[in-house]
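Colleague:
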């Protein structure tokens, strides 16, 4: 009976707890690596460019008229990859 309980706890740990800790670590690293100029997406689906970072808040520039929004740092879901600029014309 004890062996089954230990096996159940081990399975629970490796299937639920460990992956969540890895995910939390990656999110924390991403939030700590933010810098001005990064394009981000918030948890609310708002896309913008970081203008300024102060402690736990981030100022975003949003839209064509560069409207400023102040948001909590934890509200950032992801950093968007910068578009790849192609300097040359496609070769035929």
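Numbering (the numbering used here), first residue to last: 2 to 93.
Glycine included, every Cβ here is placed at the ideal spot set by N, Cα and C.
Taking all protein chains shown into account, do 16 or more other C-beta atoms lie within 10 angstroms of the C-beta of residue 6, making it buried, or fewer, making it exposed?
Modeller: Per the 10 Å Cβ criterion, exposed.
Colleague: Taking residue 39 and residue 80 to be in contact with their CB atoms under 8 Å, please state how far apart those CB atoms are, rounded to whole angstroms.
Modeller: Rounded, the Cβ-Cβ distance is 5 Å, consistent with contact.
Colleague: Anyone know if the C-beta pair for residue 63 and residue 74 falls short of 8 Å?
Modeller: No. Outside cutoff.
Colleague: Can you check whether the C-beta of residue 78 is within less than 8 Å of a C-beta belonging to chain C?
Modeller: No chain C appears in this structure, which consists of one protein chain only.
Colleague: Taking C-alpha atoms, which residue in 46, 17, 16 and 23 lies nearest to residue 77?
Modeller: Comparing Cα-Cα distances from residue 77 to each of 46, 17, 16 and 23, the minimum goes to 46.
Colleague: Looking at residue 53 and residue 34, is the spacing between their C-beta atoms short of 8 Å?
Modeller: No, the pair does not count as a contact, with Cβ atoms beyond the cut-off.
Colleague: Can you give the beta carbon distance from residue 61 to residue 49, rounded, assuming they're within the 8 Å contact cut?
Modeller: That belief holds up - the Cβ atoms of residue 61 and residue 49 are roughly 4 Å apart, short of 8 Å.
Colleague: Tell me whether residue 35 sits in a helix, a strand or coil according to DSSP, three-state version.
Modeller: Three-state result, residue 35: coil.
Colleague: Straight-line CA distance for residue 21 to residue 9?
Modeller: If you take the alpha carbons of residue 21 and residue 9, they lie about 18 Å apart.
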